[in-house]
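Residue numbers (our numbering), protein chains in the order written: chain E, 16 to 342; chain A, 4 to 331.
Structural data, given as structure tokens:
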């Protein structure tokens, strides 16, 4: 197990280095930092001095190595736009995005899996047909439209829920959470639904398809022939066998939710990393953009590692050696 | 004579399809006595497995029992609600399927699957059930059963897995086993072992068995009586000796004749010309009449019922008069 984690970490290294190269290249090709910092009037000497100070006269690989070395320590320099350390900016914004993303993912799983099981088991009931029709809407409506419609309904017409922001937050050891206040919860509802709806319908359709596949297998027929209860057959035997693909997709989608919460955050003016990123793009704030890129890559790599570890927990055929131990 | 353990009366199974209803089993009647092994043979698609599935109530939808009765110990079971029938499965009627590589859930250890089955049906707590599970694994010949109980199905060979399947089918001590081609997917060398095991376990426990197979060797060795099926009907039924050595129905005779003799070289293997009709195109009269070498007019017009034919029962007009062949 330990060797497996090490080998996966080693595989992740080239991925991270490639992304690092891309985000480093942004500095060189998207605008000229020297020109930005010097402003309009400067002498050649001033310019050379600054280039030397910034280390820009050094060979490419030396610069890149420095960049990687700093990035590994969470050091991404100052934001052009706000003149504050990038790491600090992101740390302030990360809790908002993570809370939103996890809440959306939880919603998608907690509702999507049971709906998928139900529609897989009772294919022809009218409720299944309703769920499927509903899921088609979830899959086909764009996120921003869902968000706007929800705001229109629940904020404008009904006036039940706030249309923007996070509500009141409580700061616990540098982590600002909206989960401890009523207004925080209220503010979380609409963005979570907006962000999670697509994932919910995706998970539902995936679980449904997998359930229908698994229910046809011999071992399900044999489980029935052994006289096990429906509950044991459906949840103990069938659902567990659908988990591997569900975990894969959920893992990938969680990464996507975090990375692409941008649209939802913009619609709801949610003060998360996505909003920060959009604002940084507008201001060509390259340090923030490059740090964001690296962070998202790191999250994808981490989530994939966790997904691989979950495979091991679920499917004994992947475990090395005898079935004991690695539970 | 005591009442039979299982009695199937005029069973009819239909599959509604878009182009009309297909009759997969038609007027199938037979019984199995306590402790008896009934072999069921026939070509692929003859309805052998379908009969087994109907008995344990696991017909694949949209297939359904459209007529007839199935009685277990004199009690009708074909019209039981699902929950009631579920309690019979495993407890009263065990099932063994064809492919041991796919009948075990890959995500649970064999011990978990055995314990689960026993706890569902028998008044045992999990610890007692586990002890019983080890006993069962020993009984079906799994070496080092107390260690292997925590192994997953993929850690066993095909033959060993079929032994586990047998243990699973028998562990709640059913009175009847429906074994659907239990050896077809196994190596020839393993087949004999598994059949011997199944036979001796059934004898020791007094379990009756419906053994579906197309292997005549297995039937000859294991069964007490044998039923020959063709196009969803039983065409001949009788004691295994009589059917194998002295078949009455031309189809049974053809089936037995197609087993190549050992020790004699044949220029050509014997075969029955043509193939079994599709369910949607069963001919009028006797369904076998287009392939039958002894066909005559009546076969094309009227459908024969099972009637006495020598020592057996056969659905063949040759025996219309007091069980004496007309032509032979």
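Think of the CB as a built atom: it goes at the ideal place given N, C-alpha and C, for glycine as much as any other residue. Keep in mind the model is a prediction, meaning the values are calculated, not measured.
Name the one or two DSSP bridge partners that residue i has.
i                      : result
residue 25 of chain A  : A:18
residue 180 of chain A : A:97 and A:212
residue 100 of chain E : E:93
residue 150 of chain E : Its beta-bridge partners do not exist; DSSP assigns none.
residue 317 of chain A : A:239 and A:310
residue 187 of chain E : E:190
residue 10 of chain A  : A:34 and A:74
residue 68 of chain A  : A:16
residue 271 of chain A : Answer by DSSP bridge pairing: none, since residue 271 of chain A is not bridged.
residue 79 of chain A  : A:74
residue 42 of chain A  : A:214 and A:229
Would you report the Cα separation of residue i and residue j, rounded to the nearest angstrom?
i                      : j                      : result
residue 113 of chain A : residue 180 of chain A : 20 angstroms
residue 233 of chain E : residue 89 of chain E  : 52 angstroms
residue 219 of chain E : residue 132 of chain E : 8 angstroms
residue 3 of chain A   : residue 239 of chain E : As displayed, chain A neither begins before 4 nor continues past 331, which places residue 3 of chain A out of reach and without an answer.
residue 28 of chain E  : residue 321 of chain E : 16 angstroms
residue 62 of chain E  : residue 52 of chain E  : 10 angstroms
residue 111 of chain E : residue 191 of chain E : 8 angstroms
residue 222 of chain E : residue 262 of chain E : 10 angstroms
residue 155 of chain A : residue 161 of chain A : 13 angstroms
residue 275 of chain A : residue 224 of chain A : 24 angstroms
residue 260 of chain A : residue 202 of chain A : 26 angstroms
residue 204 of chain A : residue 62 of chain A  : 27 angstroms
residue 259 of chain E : residue 333 of chain E : 11 angstroms
residue 109 of chain E : residue 288 of chain E : 6 angstroms
residue 254 of chain A : residue 246 of chain A : 11 angstroms
residue 57 of chain E  : residue 73 of chain E  : 22 angstroms
residue 316 of chain A : residue 229 of chain A : 11 angstroms
residue 49 of chain A  : residue 206 of chain E : 59 angstroms
residue 245 of chain E : residue 66 of chain A  : 20 angstroms
residue 72 of chain A  : residue 237 of chain E : 24 angstroms
residue 75 of chain A  : residue 128 of chain A : 28 angstroms
So, for residue i: in the same chain, excluding its five sequence neighbours on each side, which residues have a beta-carbon less than 7 angstroms away from its beta-carbon?
i                      : result
residue 215 of chain A : 43, 51, 52, 55, 182, 183 and 184
residue 120 of chain A : 93, 171, 174 and 175
residue 30 of chain A  : 13, 15 and 236
residue 100 of chain E : 93
residue 132 of chain A : 118, 121 and 122
residue 294 of chain A : 275, 276 and 277
In chain order, what residues of the same chain lie with their CB nearer than 8 angstroms to the CB of residue i, ignoring the 5 residues before and after it?
i                      : result
residue 292 of chain A : 286, 298, 302 and 303
residue 336 of chain E : Its pLDDT being 48, under 50, residue 336 of chain E is placed unreliably by the model, and the measurement read from it follows with that caveat. Nothing meets the Cβ criterion.
residue 339 of chain E : In this prediction, residue 339 of chain E has a pLDDT of 42, which is less than 50 and means its spatial position is unreliable; nothing more can be read from the coordinates.
residue 221 of chain A : 42, 186, 194, 198 and 214
How would you write the range of the alpha helix (DSSP H) that residue i sits in, first residue to last?
i                      : result
residue 190 of chain E : From DSSP, residue 190 of chain E is part of no alpha helix (DSSP H) but of the beta strand (DSSP E) over 190-192.
residue 319 of chain E : 301-329
residue 162 of chain E : 158-165
residue 55 of chain A  : 51-58
residue 91 of chain A  : 85-91
residue 285 of chain E : Residue 285 of chain E -> no alpha helix (DSSP H), and no H or E assigned at all.
residue 305 of chain A : No alpha helix (DSSP H) holds residue 305 of chain A; DSSP gives it neither H nor E.
residue 279 of chain A : Here residue 279 of chain A belongs to no alpha helix (DSSP H), and DSSP marks it neither H nor E.
residue 26 of chain E  : 17-44
For residue i, return the contacting residues in chain D, with the cut-off set at a CB-CB distance below 8 angstroms.
i                      : result
residue 124 of chain A : Of the protein chains in this structure, namely E and A, none is chain D.
Let's see if you can read the secondary structure: which residues bound the beta strand (DSSP E) around residue i?
i                      : result
residue 335 of chain A : As shown, chain A starts at 4 and ends at 331. That puts residue 335 of chain A outside it, with no answer to give.
residue 311 of chain A : 310-312
residue 288 of chain A : Careful: residue 288 of chain A lies outside any beta strand (DSSP E) and carries neither H nor E.
residue 239 of chain A : 236-242
residue 199 of chain E : No beta strand (DSSP E) contains residue 199 of chain E, which is instead part of the alpha helix (DSSP H) from 197-230.
Give every residue of the same chain whose Cβ lies closer than 6 angstroms to the Cβ of residue i, excluding the five residues on either side of it in the sequence, and list them in chain order.
i                      : result
residue 126 of chain A : none
residue 10 of chain E  : Since the first residue shown for chain E is 16 and the last is 342, residue 10 of chain E is missing from the structure and cannot be characterised.
residue 264 of chain E : 221
residue 106 of chain A : 100 and 168
residue 50 of chain E  : none
residue 157 of chain E : none
residue 200 of chain E : none
Within 8 angstroms of chain E by C-beta, residues of the stretch 87-98 of chain A in sequence order: So the list reads 89, 90, 91, 92, 93, 94, 97 and 98, given in the order they occur along the chain.
Cβ-based contacts, 9 angstroms cut-off: residues of the stretch 179-207 of chain A near chain E: Result list: 181.
- request: Mind checking the stretch 102-117 of chain A against chain E and listing, in chain order, the residues whose C-beta falls within less than 7 angstroms of any C-beta there?
  value: Taking 7 angstroms as the cut-off between beta carbons, the residues of the stretch 102-117 of chain A near chain E are 102, 105, 106, 107, 108, 109, 110 and 112, in sequence order.
task: Would you list, in chain order, the members of the stretch 53-77 of chain A that have their beta-carbon closer than 8 angstroms to a beta-carbon of chain E?
output: Close to chain E, meaning a Cβ-Cβ distance shorter than 8 angstroms, are the following residues of the stretch 53-77 of chain A: 59 and 61.
- request: Taking a Cβ distance cut-off of 9 angstroms, strictly less, list which residues of the stretch 250-273 of chain E are near chain A, in chain order.
  value: Within the stretch 250-273 of chain E, the qualifying residues are 251, 252, 255, 256 and 258.
query: Can you list, in chain order, the residues of the stretch 212-234 of chain E whose Cβ is nearer than 8 angstroms to any Cβ on chain A?
result: Here the close residues are 232, 233 and 234.
query: Taking any Cβ of chain A, which residues in the stretch 317-337 of chain E have a Cβ under 9 angstroms from it, in chain order?
result: Closer than 9 angstroms at the C-beta level to chain A, one finds these residues of the stretch 317-337 of chain E: 329, 330, 331, 332, 334 and 337.
message: Which residues of the stretch 150-166 of chain A have a Cβ closer than 8 angstroms to any Cβ of chain E? Give them in chain order.
response: When C-beta distances to chain E are compared with 8 angstroms, the residues of the stretch 150-166 of chain A below that value are 153, 154, 155, 157 and 158, in chain order.
query: What residues from the stretch 132-155 of chain E come within 8 angstroms of chain A, judged by C-beta to C-beta, listed N to C?
result: For the stretch 132-155 of chain E, which is checked against every Cβ of chain A, not one residue is closer than 8 angstroms.
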